[in-house]
Amino acid sequence: MKIDLTGKTALVTGSTRGIGRAIADTLATCGARVAVVGRDKAKADAVAAEIANARGFGCDVSAPADVLRLVENVEKEFGSLDILVNNAGITKDNLMLRIKDDDWDAVIDSNLRSAFLAIRASSRGMMKRRWGRIINISSVVGLTGNKGQTNYAASKAGLIGLTKSVAKELASRNILCNAIAPGFIETDMTAAMPEEARTAMMAQIPLARLGAPADIAWTTAFLCSEYASYITGQVLVVDGGLVM
Ligand code: NDP
5 MKIDLTGKTA LVTGSTRGIG RAIADTLATC GARVAVVGRD KAKADAVAAE
55 IANARGFGCD VSAPADVLRL VENVEKEFGS LDILVNNAGI TKDNLMLRIK
105 DDDWDAVIDS NLRSAFLAIR ASSRGMMKRR WGRIINISSV VGLTGNKGQT
155 NYAASKAGLI GLTKSVAKEL ASRNILCNAI APGFIETDMT AAMPEEARTA
205 MMAQIPLARL GAPADIAWTT AFLCSEYASY ITGQVLVVDG GLVM
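Under this note's numbering, the residue at position 189 of the sequence shown is numbered 193, and the numbers go up by one with no gaps.
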């Protein structure tokens, strides 16, 4: 099986490091042109310079005007936008009773509203071209909930509802929309976890290892490929068996 995305343009939010960067690398390996995105344009440019056929874009996905401008600029620079990966995400963990309004809003705006805005803006072009792939990076905690992550879990569960609704609305135009729910993946986000929490988490994973960013990246590439052309509105859990 060879995944061939030649001629497609992919926009991957939050692709300066971690899972997003691996997705950008992998989609480029499969032949796609890739828009690398982070808050700092210079950083995005530096990452893009290391990937074949990529360009860097600066965008704070929590700012609606930035997201709309990003989609416009990518379409202008590359001539089309065929694959949208909503990956950018943040955590602001605390027990529910202690979550400040601002921390609730920051997480919902960065993780959920951003995805809605990017989908709304990019789907017009996909509808005209009668081809599109939208992948939302959710999380297993969007399925299970998690103590100390009310805001984050709500944003990730929201992405699942968004995914299924968009899948239903856009299916007739050959636009597929799916979510990936990663488990515990080794990135800066999880490096911030206390050692005891990591050890406790590892004990729950049947495959007894943390996931690598590439595990999520290849799942994304598969969902973008022709091999997945009958899959839409699904949540693919990639977690070493943690949630089943
Ligand atoms: P990292 O913290 O390692 O990377 C986050 C990326 O998002 C960076 O490229 C960062 O870019 C970008 N980003 C953050 N905020 C913004 C913003 N406001 N605007 C634009 N870009 C932004 O995260 P991971 O790679 O670990 O996670 C990627 C996604 O996967 C997230 O949605 C996360 O919730 C999800 N996930 C991760 C899991 C894990 O175990 N790691 C498990 C389940 C889900 P920059 O700093 O350059 O702006």
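Just so it is clear, CB atoms sit at the ideal spot from N, CA and C, and this is done for glycine as well. It should be emphasised that the depicted structure is a prediction, and the values quoted were computed from it without experimental measurement.
Discussion item. Taking 7 Å as the cut-off, is the beta-carbon of residue 252 closer than that to any non-hydrogen atom of ligand 1?
Written reply: With the chain running from 5 to 248 in the structure shown, residue 252 is simply not present.
Worksheet item: Hey, which unbroken runs of the beta strand (DSSP E) at 3 residues or more fall wholly within the stretch 174-247?
Response: Complete beta strand (DSSP E) runs here, min 3: 179-186 and 239-242.
Worksheet item: Who pairs with residue 128 in a beta bridge, going by DSSP?
Response: None, per the DSSP bridge assignment.
Item to complete: Kindly identify the DSSP beta-bridge partner or partners of residue 14.
Response: 38 and 87
Item to complete: Decide yes or no for the touch test of the stretch 28-43 against the stretch 104-119: beta carbon pairs closer than 8 Å, at least 3 of them.
Response: no
Discussion item. Using 8 Å for Cβ pairs, my map puts residue 215 next to residue 189. What's the rounded Cβ distance?
Written reply: 4 Å
Discussion item. Please tell me whether residue 246 and residue 209 are closer than 8 Å, where the distance is taken between their beta carbons.
Written reply: yes
Worksheet item: Got a sec? Which residues, its chain only, sit under 8 Å from residue 212 by beta carbon, not counting five neighbours each side?
Response: 206 and 244
Worksheet item: What residue from 248, 13 and 115 has the CA that sits closest to residue 38's CA?
Response: Among 248, 13 and 115, the Cα nearest to that of residue 38 belongs to 13.
Worksheet item: Does the stretch 105-123 touch the stretch 49-58, meaning 3 or more C-beta pairs lie closer than 8 Å?
Response: no
Worksheet entry | residue 87 beta carbon less than 8 Å from that of residue 220 | no
Worksheet item: Got a sec? Which residues, its chain only, sit under 6 Å from residue 156 by beta carbon, not counting five neighbours each side?
Response: Excluding sequence positions up to five before and after residue 156, its CB lies within less than 6 Å of the CB of 95 and 111, all in the same chain and listed in chain order.
Practice prompt. Determine which residues share a DSSP beta bridge with residue 61 and list them.
Written response: 41
Worksheet item: Residue range of the beta strand (DSSP E) that residue 141 falls in?
Response: 136-141
Fill in: Backbone CA spacing between residue 85 and residue 35 [nearest angstrom]
In this structure, the straight-line span from the alpha carbon of residue 85 to that of residue 35 is close to 14 Å.
Worksheet item: Do the CB positions of residue 51 and residue 25 come within less than 8 Å of each other?
Response: yes
Fill in: residue 71 vs residue 121 beta-carbon contact at 8 Å
At a Cβ-Cβ threshold of 8 Å, residue 71 and residue 121 count as neighbours.
Fill in: Extent of the continuous alpha helix (DSSP H) to which residue 81 belongs
68-82
Practice prompt. Use the C-beta contact count for residue 93: other C-beta atoms within 10 angstroms, 16 or more gives buried, fewer gives exposed.
Written response: Buried, by the Cβ-count rule.
Worksheet item: For residue 155, which of helix, strand or coil comes out of DSSP?
Response: helix
Fill in: Contacts around residue 74, its chain only, beta-carbon distance under 7 Å, and the 5 residues preceding and following it disregarded
If the five residues before and after residue 74 are omitted, its C-beta is found closer than 7 Å to the C-beta atoms of 41, 61 and 63, all from its own chain and listed in chain order.
Worksheet entry | Three-pair Cβ contact test at 8 Å for the stretch 156-176 versus the stretch 220-234 | Cβ pair count under 8 Å is below three, so no.
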